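One structure is given below, encoded as structure tokens.
If you want it as structure tokens, here you go:
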């Protein structure tokens with residue numbers, strides 16, 4: 679099993695920045711792609727950004743040029759640097775990791791990001 683622990687959420691004002699962190703523990707060698715999803719009230723969970731173990735990255739159009747995902751494989755950690763935050767970025771942000779060997783995803787418990795206008 680893989681456990682994911684997020685941190686870094688909070689309340690900020692429009693235009694400010696936050697950095698989310700997600701540390702993986704457990705059976706680390708199973709982890710492939712790591713990423714961040716978010717779920718706003720009344721909406722479905724959506725992909726924000728993902729990074730493969732080989733370094734390929736993709737972003738949701740809504741966060742391109744504002745958010746940056748990075749991985750530190752030595753620390754089993756993935757980060758999400760969020761700049762120029764907007765009220766519409768308000769959501770619970772979930773860390774996600776894909777299993778390289780079976781069709782399974784691991785999820786963190788989520789961290790709340792609130793952006794006030």
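Numbering (our numbering), first residue to last: 679 to 795. The C-beta atom is built at its ideal place from N, Cα and C for all residues, glycine as well. Source: prediction; values computed, not measured.
Measure the alpha-carbon distance for residue i versus residue j and round it to whole angstroms.
i, j, result
"residue 745", "residue 759", "5 Å"
"residue 722", "residue 738", "14 Å"
"residue 784", "residue 743", "27 Å"
"residue 680", "residue 786", "10 Å"
"residue 741", "residue 766", "11 Å"
"residue 717", "residue 763", "16 Å"
"residue 713", "residue 699", "11 Å"
"residue 686", "residue 775", "18 Å"
"residue 773", "residue 749", "12 Å"
"residue 755", "residue 689", "23 Å"
"residue 701", "residue 693", "26 Å"
State buried or exposed for residue i, treating a residue as buried only when at least 16 other CB atoms are found within 10 Å of its CB.
i, result
"residue 724", "exposed"
"residue 706", "exposed"
"residue 682", "buried"
Starting from residue i, trace the beta strand (DSSP E) both ways and give me its first and last residue.
i, result
"residue 754", "Segment: none, residue 754 is in no beta strand (DSSP E) and carries neither H nor E."
"residue 716", "709-717"
"residue 679", "That residue, residue 679, is in no beta strand (DSSP E); it is neither H nor E in DSSP."
Give me, in chain order, the residues of the same chain whose beta-carbon lies closer than 6 Å to that of residue i; leave out the 5 immediate sequence neighbours on both sides.
i, result
"residue 794", "691"
"residue 761", "695 and 744"
Tell me which same chain residues have a C-beta within less than 8 Å of the C-beta of residue i, skipping the five on either side of it?
i, result
"residue 735", "727, 728, 729 and 747"
Out of the options, which has the shortest C-alpha to C-alpha gap to residue i?
i, options, result
"residue 779", "696, 711, 754 and 761", "711"
"residue 720", "697, 768, 688 and 775", "768"
"residue 703", "791, 751, 731 and 697", "751"
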